[in-house]
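Just so you know, the first sequence maps onto residues 1151 to 1517 in our numbering. Working notes, beginning with the structure itself.
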Amino acid sequence: MARRPILATDALQENPPQAAISPERVDPEALLAWYDRHRRRLPWRALPGESADPYHVFLSEIMLQQTTVAAVQPYFAAFLARWPTVEDLAAASLEEVLAAWAGLGYYARARNLHACARAVSERHGGRFPSEEAALLELPGIGPYTAAAIASIAYDRPAAPVDGNWERVLSRLFAVEEPLPKARPLFRRLALDILPARRHGDFAQGVMDLGATICTPRRPACTLCPWQRPCRARIAGTQDLYPRKAAKAERPTRRGVAFLVMRPDGAVLARSRPEKGLLGGMTEVPSTSWTTDGPVAPERDAPLDAQWTVLNARVGHVFSHFALELALWRTTVPDGTPAPPGHRWVRSGDVAGEAFPSVMRKVLEHRQ
DNA sequence: GACACGTGGTT
DNA sequence: TAACCAAGTGT
């Protein structure tokens, strides 16, 4: 049987699971009342009582995946200004979208965002579906985002269980099961406490609660609308939740990046493969990045030249490894053809090119 | 189910 | 400062 997230519609058809926990004591109306007084004002949110634009919800939710509100704000504004509707985004080229996304990270999101816009345009006439199941079929939309769009944009009963929800639920019910194993349990608990109305407000209310009250450290329990039913607060064990499995260590990889300059300021660049790390993004040529580092970097140089080995190094931390890049620089004559698979990026075009943050650090050493 | 996948801010 | 953290998804 295909693996499928638990949907709100499932819960309505099943007997309440229940074990040692009693979700009936958690009052959703208390959360809604708190939300009415403390809701955060965010650019992608509708005014109280109004409904949010599904495209705005979609765009913000994709950007907010594993990304802070502060980091998203300028990108959201820039995307919306440049591509005001999902049809506009669908009409854009992937290269434009990747370049506009540069710096935000998790670049597969940009690729999927673009593919999703095209799918919505072609398969749904430019209108986002309101059903979770249909949303789930779209590229880049998983259980969380499907539930977020369904609830926030269409006010459907759905549980967009993100890190905030997990933290809130883990404390509310003192969940001992560690993440990520506890995911299905959190989903079930979330569905159990859904209100009968205002589903979008409830979804965002729990997120706001997690972001401002039920914080990772030193939660402000005295201000919490759910302080009375909260198992962790009663026991004084808030800091123990959510339980998390030990994470793998982060190794360091090393490589050499080649800064090939022309006197006019152009720099030699190439595009990364479409899949994998920094997929489809622009980079300065380099050796492969390995734990031991390159043995003979000159063999991987894009061309033969007199290299200056810079003293500076570029350090960068990715999600699953740290990178330390040595820098080799050279200047070649104007008119030097770009080697196969490479291209020249003029000085004035660097800003608009899809260089990820790590490459912008490298490029600071151009001179 | 475990791992790949970015970045910048906070503690 | 090293570790942790942020509105997850795809494979």
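By construction, the Cβ of each residue, glycine as well, lies at the ideal position given by its N, Cα and C atoms.
At the level of alpha carbons, what is the spacing between residue i and residue j?
| i | j | result |
| --- | --- | --- |
| Cys1374 | Gly1292 | 30 Å |
| Met1357 | Tyr1205 | 20 Å |
| Ala1455 | Pro1483 | 11 Å |
| Lys1394 | Ala1488 | 49 Å |
| Pro1193 | Pro1178 | 25 Å |
| Tyr1256 | Val1207 | 19 Å |
| Ala1283 | Ile1299 | 11 Å |
| Arg1191 | Thr1217 | 18 Å |
| Ser1210 | Asp1499 | 27 Å |
| Pro1401 | Gly1443 | 12 Å |
| Arg1187 | Leu1359 | 12 Å |
| Pro1198 | Ala1183 | 13 Å |
| Thr1458 | Ser1438 | 19 Å |
| Phe1505 | Arg1337 | 37 Å |
| Pro1413 | Leu1286 | 51 Å |
| Pro1328 | His1492 | 47 Å |
| Thr1235 | Phe1229 | 10 Å |
| His1470 | Leu1339 | 30 Å |
| Val1512 | Gly1253 | 14 Å |
For residue i, which residues in the same chain have their Cβ closer than 7 Å to its Cβ, ignoring the five residues on either side in sequence?
| i | result |
| --- | --- |
| Ala1196 | Ala1202 |
| Ala1462 | Leu1477, His1515 |
| Val1495 | Ala1416, Val1417, Ala1419, Glu1503 |
| Glu1237 | Ser1271, Gly1276 |
| Arg1268 | Ala1240 |
Along the beta strand (DSSP E) that carries residue i, what are the first and last residues, could you check?
| i | result |
| --- | --- |
| Glu1474 | 1472–1481 |
| Ser1301 | That residue, Ser1301, is in no beta strand (DSSP E); it is neither H nor E in DSSP. |
| Arg1493 | 1493–1495 |
Which residue or residues does DSSP assign as beta-bridge partners of residue i?
| i | result |
| --- | --- |
| Ser1436 | Ala1407 |
| Leu1523 | Here the chain covers residues 1151 to 1517 and nothing more, so residue 1523 does not appear. |
| His1466 | Leu1473 |
| Thr1402 | Ala1472 |
Along the chain, where does the alpha helix (DSSP H) that runs through residue i open and close?
| i | result |
| --- | --- |
| Ala1250 | 1244–1251 |
| Ile1291 | It is not in any alpha helix (DSSP H) - Ile1291 carries neither H nor E in the DSSP assignment. |
| Ser1431 | Looking at the sequence itself, residue 1431 is Met, so the reference to Ser does not match. No alpha helix (DSSP H) holds Met1431; DSSP gives it neither H nor E. |
| Arg1317 | 1313–1322 |
| Leu1285 | 1282–1285 |
| Val1270 | 1258–1273 |
| Gln1354 | 1349–1362 |
| Trp1184 | 1178–1188 |
| Leu1239 | 1236–1241 |
Less than 8 Å between C-beta atoms, sequence neighbours within five positions excluded: which residues of the same chain meet that for residue i?
| i | result |
| --- | --- |
| Ala1258 | Gly1290, Gly1429 |
| Ala1332 | Glu1316, Ser1320, Val1325, Pro1392, Arg1393 |
| Ala1398 | His1470 |
For residue i, which residues from the same chain have a beta carbon less than 6 Å from its beta carbon, with the 5 sequence-adjacent residues on both sides left out?
| i | result |
| --- | --- |
| Gly1465 | Glu1474 |
| Cys1371 | Gln1377, Arg1383 |
| Pro1345 | Pro1178, Phe1352 |
| Ala1451 | Phe1408 |
| Arg1261 | none |
| Glu1245 | none |
Is residue i helix, strand or coil when you go by DSSP?
| i | result |
| --- | --- |
| Ala1419 | strand |
| Leu1460 | strand |
| Thr1387 | coil |
| Thr1486 | coil |
| Thr1218 | coil |
| Gln1517 | coil |
| Gly1498 | helix |
| Glu1211 | helix |
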